[in-house]
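So the sequences go chain by chain: X and V.
Note that the UniProt record's numbering has the first sequence beginning at 1, numbered continuously upward.
Note that the UniProt record's numbering has the second sequence beginning at 1, numbered continuously upward.
Backbone N, C-alpha and C define an ideal beta-carbon position, used for all residues, glycine too.
All figures in this text were calculated on a predicted structure; none of them were measured in a lab.
Here the structure comes first, spelled out in structure tokens, and everything after it is commentary.
Protein chains: 2
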Amino acid sequence: MTYTAPLREQMFVLETVADLPGIAALPGFEGATPDLVGAVLAESARLMAGEFAPLNSVGDKVGARAVDGVVTMPEGFRDAYASWIAGGWAGLNAAPAHGGQGLPFVLSCAVMEQLMSANMAFSLCMMLSAGAIEALQAHASPEQQRLYLEKLVSGEWTGTMNLTEPQAGSDVGALRTLAVPHADGSWRIKGQKIYITWGEHDLADNIIHLVLARTPDAPPGTKGISLFIVPKFLVNADGSLGARNDVRAIATEHKLGIHASPTCTMSFGDRDDCVGFMVGAEGGGMRAMFTMMNHARINVGLQGLAVAERAYQHALDYARTRVQSAKFGGGRAPVRIIEHADVRRMLMTMKANIEAARAITYLTAASVDRGHAGDAEAARLADLLTPVTKAFATDVGVEMTSLAVQVFGGMGYVEETGAAQHLRDARIAPIYEGTNGIQALDLVGRKLGQGRWQGLFADIRADLAGLPKGGDLGAMAPYLDDALAALQTATVWMSGNDGAALEDTAAAATPYLRMFALTVGGWLLIRQAAAASGQLAAAQGDPDFLRAKVATARFFAEQLLPAAPALLGPITRGALSLYAVPEEQLLAR
Amino acid sequence: MTYTAPLREQMFVLETVADLPGIAALPGFEGATPDLVGAVLAESARLMAGEFAPLNSVGDKVGARAVDGVVTMPEGFRDAYASWIAGGWAGLNAAPAHGGQGLPFVLSCAVMEQLMSANMAFSLCMMLSAGAIEALQAHASPEQQRLYLEKLVSGEWTGTMNLTEPQAGSDVGALRTLAVPHADGSWRIKGQKIYITWGEHDLADNIIHLVLARTPDAPPGTKGISLFIVPKFLVNADGSLGARNDVRAIATEHKLGIHASPTCTMSFGDRDDCVGFMVGAEGGGMRAMFTMMNHARINVGLQGLAVAERAYQHALDYARTRVQSAKFGGGRAPVRIIEHADVRRMLMTMKANIEAARAITYLTAASVDRGHAGDAEAARLADLLTPVTKAFATDVGVEMTSLAVQVFGGMGYVEETGAAQHLRDARIAPIYEGTNGIQALDLVGRKLGQGRWQGLFADIRADLAGLPKGGDLGAMAPYLDDALAALQTATVWMSGNDGAALEDTAAAATPYLRMFALTVGGWLLIRQAAAASGQLAAAQGDPDFLRAKVATARFFAEQLLPAAPALLGPITRGALSLYAVPEEQLLAR
Chain X
1 MTYTAPLREQ MFVLETVADL PGIAALPGFE GATPDLVGAV LAESARLMAG
51 EFAPLNSVGD KVGARAVDGV VTMPEGFRDA YASWIAGGWA GLNAAPAHGG
101 QGLPFVLSCA VMEQLMSANM AFSLCMMLSA GAIEALQAHA SPEQQRLYLE
151 KLVSGEWTGT MNLTEPQAGS DVGALRTLAV PHADGSWRIK GQKIYITWGE
201 HDLADNIIHL VLARTPDAPP GTKGISLFIV PKFLVNADGS LGARNDVRAI
251 ATEHKLGIHA SPTCTMSFGD RDDCVGFMVG AEGGGMRAMF TMMNHARINV
301 GLQGLAVAER AYQHALDYAR TRVQSAKFGG GRAPVRIIEH ADVRRMLMTM
351 KANIEAARAI TYLTAASVDR GHAGDAEAAR LADLLTPVTK AFATDVGVEM
401 TSLAVQVFGG MGYVEETGAA QHLRDARIAP IYEGTNGIQA LDLVGRKLGQ
451 GRWQGLFADI RADLAGLPKG GDLGAMAPYL DDALAALQTA TVWMSGNDGA
501 ALEDTAAAAT PYLRMFALTV GGWLLIRQAA AASGQLAAAQ GDPDFLRAKV
551 ATARFFAEQL LPAAPALLGP ITRGALSLYA VPEEQLLAR
Chain V
1 MTYTAPLREQ MFVLETVADL PGIAALPGFE GATPDLVGAV LAESARLMAG
51 EFAPLNSVGD KVGARAVDGV VTMPEGFRDA YASWIAGGWA GLNAAPAHGG
101 QGLPFVLSCA VMEQLMSANM AFSLCMMLSA GAIEALQAHA SPEQQRLYLE
151 KLVSGEWTGT MNLTEPQAGS DVGALRTLAV PHADGSWRIK GQKIYITWGE
201 HDLADNIIHL VLARTPDAPP GTKGISLFIV PKFLVNADGS LGARNDVRAI
251 ATEHKLGIHA SPTCTMSFGD RDDCVGFMVG AEGGGMRAMF TMMNHARINV
301 GLQGLAVAER AYQHALDYAR TRVQSAKFGG GRAPVRIIEH ADVRRMLMTM
351 KANIEAARAI TYLTAASVDR GHAGDAEAAR LADLLTPVTK AFATDVGVEM
401 TSLAVQVFGG MGYVEETGAA QHLRDARIAP IYEGTNGIQA LDLVGRKLGQ
451 GRWQGLFADI RADLAGLPKG GDLGAMAPYL DDALAALQTA TVWMSGNDGA
501 ALEDTAAAAT PYLRMFALTV GGWLLIRQAA AASGQLAAAQ GDPDFLRAKV
551 ATARFFAEQL LPAAPALLGP ITRGALSLYA VPEEQLLAR
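The structure is reproduced here in structure tokens:
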């Protein structure tokens, strides 16, 4: 099954939700005109369909094979990666000073979405490299940038992010990897990291590991953590490769999915000779890591909707060709299953959820761009929406890929079909880059306190006030109105919690995030429907596509959005019922 | 990770929901006293923990291996199956006349639940055999019963059910396998069947295939279908094994899960010499198959809750030992993750959903028993609840096993942990034995029309009226009241649809089934809570267990039940928005 990038949809969201024209008006982004963006996306769509999507299945079946610390990627991966480099895709939104193309982050997200749909496991290599580029651009010294950035930006080298240790997962502050200063100003790193994505592979000449470690006598917790560059091969002053560094992949995980993404246990300093270079100030590791983690969270959200998009296309293709049973109450002639109402409901649920998740994600990414250009309100909006993007879009990823399996029926359960792979791949996204539970706590614990939600809710209210009374838009308005009212109430309730009542906030975090995401998703779909209606009235654009946008928004409003206000009760009931069954009684029944 | 049968919970549901004393008062079930039932369940719990649960992981990793039509099960399976036979478990609810123990179906369900928790893939062998026993008991001739039943009841032989063909999945009537009469009164079968569970294996001396096939000149559709016994080895008149029949497993599927369940493509009559024996009347195949399919649907529902129970126990064990991060707003000391509100919410969501699904399933099974004893109202209740049981409990299976993976975090994504297996195994249950979409159509298209819902709703209303105003029970009442009111409205709306509006019914079927299940599940948990409150007041039973039942019901009422009335809008919006996006626009974006 191939993949066709939803180009019109992507462009429409960029224009109506991400305000692409506004982004193109920001200093440095003057080149990002709709024409150029359209051309970039069309070009990357060809690359994805032609080279990356066909490798998705072999990547799953053969996977990354690890023998004695050497990881071999399946055939075809090297060529595809070479095309990635040749096209300059690795540096799409990196700074021109470092060889990048300096395009907006939101555009790189649209390209990444395509790559993730085409081949999620492969895309993690590029995603981690992009994170390393970002961290080094923001925090590395000019000399470090000269030595490492250019080849990361070109894609010749790849990057990794080394946080997790067995006792330090969500709790990064508990990490123990040690960095000891060396006479020459470098450091010696010692420790083990687990779950290191693309920690070892054979696609690039060098791998730049970014490693969080604790310096001697550093304070406990996150404040004692610093960030280090640990190259697989040391890099000489002239940029040529030197000795092999004392860092190795000592194991790879056998995972449920993303088999073509080597997940490594990395050992640093087995021979006490692992050379690292501190990035930024001592003790500034978490800050540096958060820069890159926030963008990574947006990218992981993208994965959720991207894999769901691929699964949707796959299921749709099957539903349009598989003939089985007559329609309910509709005679005896068997029909294609897409004509059965229940299958249609599954397909529309996928389409609407994916488009809601895409809209939220692009808005968040565009807010990052505007924030970088100095718009403080946009930066705070990006902060607010990042956990919503990550958690909602990845939950959508799991739920919609599972629905796609259901559309396939028995065929979906047979691995040969490829439908199950989407579900297996998607299942990691709610877990890594901060579990969705952590995202929900970030939303209620830190982001709400910044107050940016008030402006967001006001924007939604203003849009609501501008909707016409009749027609499709008028029919959608009450659903959004109900959702917003409930969200407002829940948010105010949440903000009033303090002291012991913080337990109530924590208890409500996950349903609250879902309510938040449904409301914002519904709003953005209705905003698109309003834009589509405007274009239809002005006889602009493709009327069939525009009418489909309106109809999808209405489906979301009528069928999916009512779940949002229904969460108000559960959210505000407090933590008591969560703990009312004592632990022993959870166990012994 | 081991499995401990939730014995107190099972007994409590049998007593308070299934009315075990009432069942034991039915003719033929006099032996099924609470003491005996408790002893049976305790004994089977030992067998499951000791022999079947430890094989779950090897079954997944090694799987059923097929070479040239010979299927070899992993080491240990043969011994465990021998224990199953030795304990007489295969004939638990088979008729004493055929060597069975004649115990109630609902008790065999409680045992099956344990087996399915312990080893879902393995349990399918026993489940299919039980189906074959049932079909032969109901429809086979005395001579056929003499030849085949006894050894199926003892477990020495196993049974299969052969319906599906590539073009005939949900639409059984489209099958093409042919049965031609032979001079000696037997038939010759020719055709291929796919997805045949345990179609071939090395645990038993013979396999009795029950095959749906079409006789020459039979009318098209389901009316032309007859049922045939096709033994792997022909059986001589004295019961000894004769020649190998012309039926073979020509392929096995590589599936997402249930790797220890060989899913075979069966070829009948490659050498034009596949001998079959008609069961019942010509053209009566579908009726016979439905007998066994209804019970199979209850059993598949059991699988959903059983695998969820196993995953719950697994996740709970992890959450009680894994230490990570301080509590939200609660200082700096890291705690076991079970103390985090979000993890607690996931565990309670699992517990409450599993217990709701168990209650619905046991009530349905008990209604089958009462129906067999001549209680027509109970038989219609079983009919009504069968699709609800199958679809809801299997959806719970997928959703809760996915939550269990989430509790494990990164560890959950690594196959070694075993958490992912539960999700992979559970994913088949919403698909086979009639997809959950088909179940929903069965509910709204056939079962509602039988009118039995009116009595059920009246029972719920009567229970509601009997709840005290205050306390936990009083606090739960409004949630059930809201859900029932919405369900009543939806049902009446549904019943009014006719002609073209049947499309609206079909469109609403899936959310309607979910609303129905949540309401009935909530009712049965509250009924248990009321019984527990009564026992607490009377100082009977284990107070900790009883209080936990009350608290779990309240959690369900407050946190999960509000989703039911929220579905009223989506249900009654009709089919229009499902089809508003034309097919071409689903595709080309």
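Distance, Cα to Cα, Ile298(V) vs Thr389(V)? Within the second sequence, residue 298(V) is the residue found at index 298, counting from 1. Within the second sequence, residue 389(V) is the residue found at index 389, counting from 1. Cα-Cα distance, rounded: 6 Å.
Output yes if chain X places a C-beta closer than 8 Å to the C-beta of Ser129(V); else output no. The count along the second sequence starts at 1 and reaches residue 129(V) at position 129. Judged by the 8 Å Cβ criterion, Ser129(V) is not in contact with chain X.
Would you list the residues sitting across from Leu227(X) in a DSSP beta bridge? Numbered from 1 along the first sequence, position 227 holds the residue referred to as residue 227(X). Answer is Leu212(X), Val279(X), bridged to Leu227(X).
So is the beta-carbon of Ala281(X) under 7 Å away from any non-hydrogen atom of the ligand NAD? As presented, the structure is devoid of all ligands, the ligand NAD included, so that no description of it is given.
Taking DSSP as the reference, what is the three-state secondary structure of Asn93(X)? Position 93 of the first sequence, counted from the start, is the residue given in the question as residue 93(X). Of the three classes helix, strand and coil, the one that applies to Asn93(X) here is coil, per DSSP.
Going along the segment 409-425 of chain V in order, which residues come within less than 8 Å of chain X, judged by CB to CB distance? Gly409, Gly410, Gly412, Tyr413, Val414, Glu415, Glu416, Ala420, Leu423, Arg424
Do you know offhand how far Gly574(X)'s Cα is from Leu487(X)'s? Counted from its first residue, the first sequence places residue 574(X) at position 574. Counted from its first residue, the first sequence places residue 487(X) at position 487. So the alpha carbons of these two residues sit roughly 16 Å apart.
Would you identify the three-state DSSP class for Tyr479(V), choosing helix, strand or coil? Looking up residue 479(V) in the second sequence gives position 479. In the structure shown, Tyr479(V) sits in a helix (DSSP, three-state: H, G or I).
Report yes or no: do three or more beta-carbon pairs, one from the segment 289-303 of chain X and one from the segment 418-434 of chain X, lie closer than 8 Å? yes
Going by Cα to Cα distance, which pick from Glu30(V), Trp84(V), Leu41(V) is closest to Ala5(V)? Counted from its first residue, the second sequence places residue 5(V) at position 5. It is Leu41(V) whose Cα lies nearest to the Cα of Ala5(V).
Can you tell me the Cα-Cα spacing of Met126(X) and Gln144(X), whole angstroms? The residue you call residue 126(X) lines up with position 126 of the first sequence. The residue you call residue 144(X) lines up with position 144 of the first sequence. Cα-Cα distance, rounded: 20 Å.
Report yes if the C-beta distance between Ala553(X) and Gln585(X) is below 8 Å; otherwise report no. Counting from one through the first sequence, the residue named residue 553(X) turns up at place 553. Counting from one through the first sequence, the residue named residue 585(X) turns up at place 585. No, Cβ-Cβ distance for Ala553(X) and Gln585(X) is not below 8 Å.
List the DSSP bridge partners of Lys327(X). For the purposes of this step, residue 327(X) is identified with residue 327 of the first sequence, where counting begins at 1. DSSP, once it has assigned bridges, lists Gly330(X) as partnering Lys327(X).
Within 8 Å of any Cβ in chain V, is that where the Cβ of Asp383(X) sits? In the first sequence, the residue the question calls residue 383(X) occupies position 383. No - not a single Cβ of chain V is within 8 Å of the one on Asp383(X).
Within the same chain, show all residues whose beta-carbon is closer than 7 Å to that of Gln167(X), passing over the 5 residues directly before and after it, in chain order. Working through the first sequence from its first residue, we reach residue 167(X) at position 167. Answer for Gln167(X): Ala174, listed in chain order.
Between the beta-carbon of Leu241(V) and the beta-carbon of Val247(V), is there less than 8 Å? Residue 241(V) sits at position 241 when you count from the first residue of the second sequence. Residue 247(V) sits at position 247 when you count from the first residue of the second sequence. Not closer than 8 Å, so no.
Check whether chain V comes within 8 Å of Leu586(X), counting only Cβ atoms and requiring the distance to be less than that. Here residue 586(X) refers to the residue found at position 586 when the first sequence is read from its first residue. Yes, contact with chain V.
Residue of Phe228(V), Thr252(V), Pro181(V) minimising C-alpha distance to Gly199(V): Here residue 199(V) corresponds to residue number 199 of the second sequence, with the count starting at 1. Here the closest residue by C-alpha is Thr252(V).
Local Cβ density within 10 Å of Thr321(X), reported as buried at 16 or more and exposed below that: Indexing the first sequence from 1 puts residue 321(X) at position 321. With fewer than 16 other Cβ atoms within 10 Å, it is exposed.
Suppose only complete runs of 4+ residues qualify. What are the alpha helix (DSSP H) ranges in the UniProt domain "Acetyl-CoA dehydrogenase-like C-terminal" (456-581) of chain V, listed by chain order? 471-496, 502-537, 543-555, 568-572, 576-579
What three-state label does DSSP hand Leu128(V) in the structure shown? Residue mapping note: residue 128(V) aligns to position 128 of the second sequence, counting from 1. Helix, per DSSP.
Mind checking whether Val111(X) and Ser44(X) have CB atoms under 8 Å apart? Residue mapping note: residue 111(X) aligns to position 111 of the first sequence, counting from 1. Residue mapping note: residue 44(X) aligns to position 44 of the first sequence, counting from 1. By the CB criterion at 8 Å, Val111(X) and Ser44(X) fall inside the cutoff.
As assigned by DSSP and simplified to three states, the class of Pro21(X): Mapped onto the first sequence, residue 21(X) falls at position 21. Correct three-state label for Pro21(X): helix.
Starting from the beta carbon of Glu558(X), find every residue of chain V whose beta carbon is closer than 8 Å, and list them in chain order. Here the question's residue 558(X) lines up with position 558 in the first sequence. Under the 8 Å cutoff, chain V gives Gly569, Pro570, Arg573, Ser577.
Spell out whether any CB of chain X is found under 8 Å from the CB atom of Lys255(V). Reading the second sequence from its first residue, position 255 is the one you call residue 255(V). With 8 Å as the cut-off, Lys255(V) counts as an interface residue toward chain X.
Any contact of the segment 417-424 of chain X with the segment 306-318 of chain X, i.e. 3+ C-beta pairs under 8 Å? yes
Since Gly496(V) and Ser57(V) should fall inside the 8 Å C-beta cutoff, what is the C-beta to C-beta distance between them, to a whole number of angstroms? If you number the second sequence from 1, residue 496(V) lands on position 496. If you number the second sequence from 1, residue 57(V) lands on position 57. The distance from the Cβ of Gly496(V) to that of Ser57(V) is about 52 Å, inconsistent with a contact at the 8 Å cut-off.
By alpha-carbon positions, which one of Arg188(V), Arg547(V), Gly412(V), Ala429(V) ends up nearest to Ala311(V)? Here residue 311(V) refers to the residue found at position 311 when the second sequence is read from its first residue. Cα-wise, what sits closest to Ala311(V) is Gly412(V).
Report, in whole angstroms, the separation of the C-beta atoms of Arg214(X) and Leu178(X), which I expect to be a contact under 8 Å. On the first sequence, residue 214(X) is found 214 positions in, with the first residue counted as 1. On the first sequence, residue 178(X) is found 178 positions in, with the first residue counted as 1. Yes, they are in contact, since the Cβ atoms of Arg214(X) and Leu178(X) sit about 6 Å apart, within 8 Å.
Neighbouring residues, chain X, relative to Asp171(V) (Cβ below 7 Å): Residue numbering aside, residue 171(V) sits at position 171 when the second sequence is read from its first letter. Simply Gln324, Ser325, Pro334.
Supposed close pair Leu484(V), Thr519(V) - CB separation, criterion 8 Å: Here the question's residue 484(V) lines up with position 484 in the second sequence. Here the question's residue 519(V) lines up with position 519 in the second sequence. 6 Å between Cβ atoms; contact.
Opening and closing residue of the alpha helix (DSSP H) in which Asn299(V) lies: In the second sequence, residue 299(V) corresponds to position 299, counting from 1. It spans 285-321 - the alpha helix (DSSP H) in which Asn299(V) sits, taken as one unbroken run.
Give me the Cβ distance between Pro219(X) and Val71(X), rounded to the nearest whole Å; I'm assuming they're in contact under 8 Å. Counted from its first residue, the first sequence places residue 219(X) at position 219. Counted from its first residue, the first sequence places residue 71(X) at position 71. Pro219(X) to Val71(X), Cβ: 36 Å. No contact.
Reference Ala64(V); option with closest CA among Ile360(V), Glu113(V), Glu15(V), Thr197(V): Within the second sequence, residue 64(V) is the residue found at index 64, counting from 1. The option with the nearest alpha carbon to Ala64(V) is Thr197(V).
For a test of the three-state rule: what should DSSP assign to Ile207(V), helix, strand or coil? Along the second sequence, one-based indexing puts residue 207(V) at 207. The answer is strand: DSSP assigns Ile207(V) an E or B state.
For Leu381(X), the residue or residues it bridges with in DSSP: What you label residue 381(X) is simply residue 381 of the first sequence in a count that begins at 1. Leu381(X) is not bridged to any residue.
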